[in-house]
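For reference, the structure is listed below as C-alpha cells.
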Amino acid sequence: MEHHSSVSWLQMLPFLPHGEQYVHVNGAVVVFLALTAVAVLANLAIRRRFQTQLVPDGKVSLINVMDATVDGLRGMIVETVGKQGEKYFPFIATLFLFIFFSNFLGLLPFSAAPTANVNTTFGLGIAAFLYYNLMGIKEHGVIGYMKHFLMGLGPAGILVALLEIVSQVVRPVSLGIRLFVNMHVDHTVVLSFQNLFAWLLPVPLLLFGVVVCTIQAFVFAILTAVYVQMATEHEAEH
Amino acid sequence: MSDAALYRYYARLSGAVFVKLALAVGGFFLGRYLDRRWGTEPYLLMACFTLGVSLGLWWVIRVASADKG
Numbered sequence: 000m001e002h003h004s005s006v007s008w009l010q011m012l013p014f015l016p017h018g019e020q021y022v023h024v025n026g027a028v029v030v031f032l033a034l035t036a037v038a039v040l041a042n043l044a045i046r047r048r049f050q051t052q053l054v055p056d057g058k059v060s061l062i063n064v065m066d067a068t069v070d071g072l073r074g075m076i077v078e079t080v081g082k083q084g085e086k087y088f089p090f091i092a093t094l095f096l097f098i099f100f101s102n103f104l105g106l107l108p109f110s111a112a113p114t115a116n117v118n119t120t121f122g123l124g125i126a127a128f129l130y131y132n133l134m135g136i137k138e139h140g141v142i143g144y145m146k147h148f149l150m151g152l153g154p155a156g157i158l159v160a161l162l163e164i165v166s167q168v169v170r171p172v173s174l175g176i177r178l179f180v181n182m183h184v185d186h187t188v189v190l191s192f193q194n195l196f197a198w199l200l201p202v203p204l205l206l207f208g209v210v211v212c213t214i215q216a217f218v219f220a221i222l223t224a225v226y227v228q229m230a231t232e233h234e235a236e237h
Numbered sequence: 000m001s002d003a004a005l006y007r008y009y010a011r012l013s014g015a016v017f018v019k020l021a022l023a024v025g026g027f028f029l030g031r032y033l034d035r036r037w038g039t040e041p042y043l044l045m046a047c048f049t050l051g052v053s054l055g056l057w058w059v060i061r062v063a064s065a066d067k068g
C-alpha cells in the first residue's frame, strides 16, 4: 500500500534493491536516522565553536540562534517545573528540538516527518512517560511515589488513586496520539493540495503547517514538563 | 493565575478526556468478556460500559472543577 509519508525519492535510488522479496523500510525511519546524525554533527560543531568563541557576536549566526533558542527553552521549563527545572532541562529541551525539527522535515518537498509516523510518536510518549516516572521515584522513593497517587486522601481515596493510575497509563498514549494525528493530518492536507495544484496553492497551508509544527513541539515539551513537575513535587507545594 | 498553573490545569484536563475514553472502552470489553463467560448477554456489557462512561464523566468533571491555582 502506498503510504503518503513515505519518502518517494528512496524508491528512485538505483543502488537500492526493490521488490517484494526485500524488507520495506519506511521513509520516516531514514529521515529519523538522518536527523539524529545531523544533531550529533551540529552538537560537535557548536561545542567546537564555543571553545574558541564564548561570547556571541552581534550578527545572525547558528551559534546565536541556538543560544537564543536554548535560553528561551530554559526559561519556559524553569517557569513550568520550578527552581529544580534546571535538572530536567536537558531531556525536555532535547525532546522539543527533536520534535520541532522532525515536524518541519515533513514540510520539505519529497521528505517525510518522522512524527507523522505513529511508531515515532509513541516512542517519544513512552520515553517521556519513563523519564518523569523515574524522576518521581528518584525524588520520593518507590513507596513515597506510590503514596503520591493518593493525593493526600488516605485510604478513602482508593477510587481516585485507581483513576489516577489509569490517567498515568494513558499519558504516553495521549502524548503519542496528539502529536501523530496533528502531524499526519497537517502533512496529508498539504500533500493533497500539492497534488491538486503544485504552484502557490499549498503556500497558505505550508504557512499554517509552520504554526502547527511549532505549537505541537511546544505542547509535547510543555506537557512533559508539567508531568515532571507533578511527579517530583512535594505535598507542601500543592 | 501563573502560566505554570494554567499549563498544569490544561495538562490534567486533556489527559482526563483520554481517561474517559479508556474507561468507556475498558468497560465495553470487560462487560463483553464477562457476558461471554457467564452467558448473561447483553446485561453485563451494558452495565460495565455505563459504569465506565459514568466514572469517566465524573473524572472529567472532577478535574475540570479542580482549583486552577
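Protein sequences, first through last, are from chains G and C. Note that numbering that gives the first Met the number 0 has the first sequence beginning at 0, numbered continuously upward. Note that numbering that gives the first Met the number 0 has the second sequence beginning at 0, numbered continuously upward. For glycine and all other residues, C-beta sits at the position ideal for the given N, C-alpha and C.
- In this structure residue 62 (chain G) is not in contact with residue 73 (chain G), their Cβ atoms being roughly 16 Å apart against a cut-off of 8 Å.
- For residue 224 (chain G), the enclosing alpha helix (DSSP H) stretches over residues 202-231.
- Excluding residues up to 5 positions away in sequence, 52, 55, 56, 58, 59 lie with their Cβ nearer than 8 Å to the Cβ of residue 19 (chain C) in the same chain.
- By the neighbour-count criterion, in which a residue is buried when 16 or more other Cβ atoms sit within 10 angstroms of its Cβ, residue 36 (chain G) is exposed.
- Residues of the same chain with a CB within less than 7 Å of the CB of residue 25 (chain C), apart from the 5 flanking positions on each side, are 51 in chain order.
- Chain C places a beta carbon closer than 8 Å to that of residue 78 (chain G), counting this residue as a contact.
- Note that the C-beta distance between residue 178 (chain G) and residue 207 (chain G) is not below 8 Å.
- Interface residue (Cβ-Cβ distance to chain C less than 8 Å): residue 226 (chain G) is classified as such.
- The beta-carbon distance between residue 224 (chain G) and residue 80 (chain G), rounded to whole angstroms, is 5 Å. This is short enough to meet the 8 Å contact definition.
- According to the DSSP assignment, residue 172 (chain G) belongs to the alpha helix (DSSP H) that extends over 157-195.
- In the structure shown, residue 59 (chain G) adopts coil according to DSSP, grouped into three states.
- Residue 116 (chain G): not part of any alpha helix (DSSP H); DSSP gives it neither H nor E.
- In its chain, beyond the 5 residues on either side, 30, 110, 112 have a beta carbon closer than 6 Å to the beta carbon of residue 104 (chain G).
- Using beta-carbon distances, residue 37 (chain C) does not count as an interface residue toward chain G, since no partner is under 8 Å.
- The beta carbon of residue 193 (chain G) sits closer than 8 Å to the beta carbons of 200, 201 from its chain, once the five residues preceding and following it are set aside; these are given in chain order.
- Annotation for residue 212 (chain G): 102, 103 place their beta carbon closer than 6 Å to its own, counting only its chain and skipping 5 residues before and after.
- Between the segment 131-146 of chain G and the segment 25-35 of chain C there are fewer than three inter-stretch CB-CB distances shorter than 8 Å, so the stretches are not counted as touching.
- When secondary structure is reduced to three states using DSSP, residue 80 (chain G) falls in the helix class.
- Where residue 37 (chain C) is concerned, the enclosing alpha helix (DSSP H) starts and stops at 2-37.
- In the structure shown, residue 135 (chain G) falls within a helical segment according to DSSP collapsed to helix, strand and coil.
- In the DSSP assignment, residue 58 (chain C) falls within the alpha helix (DSSP H) that extends over 42-63.
- DSSP, reduced to helix, strand and coil, places residue 101 (chain G) within a helical segment of the structure shown.
- Neighbourhood of residue 169 (chain G) in chain C, by CB distance below 9 Å: 14, 17, 18, 20, 21, in chain order.
- Taking C-beta atoms under 8 Å as the contact rule, residue 189 (chain G) and residue 106 (chain G) qualify, at a distance of about 7 Å.
- Taking every protein chain shown into account, the CB of residue 89 (chain G) has fewer than 16 other CB atoms within 10 angstroms, so this residue is exposed.
- Chain G has a Cβ within less than 8 Å of the Cβ of residue 10 (chain C).
- Going by beta carbons, residue 34 (chain G) and residue 100 (chain G) fall inside the 8 Å limit.
- Burial state of residue 173 (chain G) is buried, judged by a 10 Å Cβ sphere holding 16 or more other Cβ atoms.
- Taking 8 Å as the cut-off between beta carbons, the residues of the segment 209-225 of chain G near chain C are 221, 222, 224, 225, in sequence order.
- In its chain, beyond the 5 residues on either side, 148 have a beta carbon closer than 6 Å to the beta carbon of residue 163 (chain G).
- Restricting attention to G:203, G:64, G:127, G:167, the CA atom closest to the CA of residue 87 (chain G) is found in G:127.
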